[in-house]
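Counting the sequence shown from 1 gives a position; my numbering is that position plus 395.
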Amino acid sequence: MPQNGPSPGDRLPGQNLPRVPRPLTSRDLPPKYKAAERRVRTVIIAMPIALVTSWVLWKRCMYQTTFLDL
396 MPQNGPSPGD RLPGQNLPRV PRPLTSRDLP PKYKAAERRV RTVIIAMPIA
446 LVTSWVLWKR CMYQTTFLDL
């Protein structure tokens, strides 16, 4: 069955492809999103720290170990 256009292997990378939107930086955001961006960034940074710290403290309490025993 003949094809009407070039096969995907004949096309060079990046030709005739839809443009991918450029991600916004914090400078490109409208001012009304600054507070939300700050909260989201804080949660992304603080969540792993809080989870690991609480896990280590729980482990110390449950097994009654000290820092040197870990």
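Positions of the beta carbon are idealized from the N, C-alpha and C atoms, including for glycine. Since the model is a prediction, treat every value here as computed from it, not as a measurement.
Residue 421 by DSSP, collapsed to three states: which one?
Three-state DSSP puts residue 421 in coil, outside helix and strand.
Which value, in whole angstroms, describes the spacing of the CA atoms of residue 423 and residue 450?
Each residue's alpha carbon lies about 38 Å from the other.
In whole angstroms, what separates the C-alpha of residue 446 from that of residue 437?
Answer to the nearest angstrom: the Cα atoms are 14 Å apart.
Note down the Cα distance separating residue 418 from residue 434, rounded to an integer number of angstroms.
So the two alpha carbons sit approximately 19 Å from each other.
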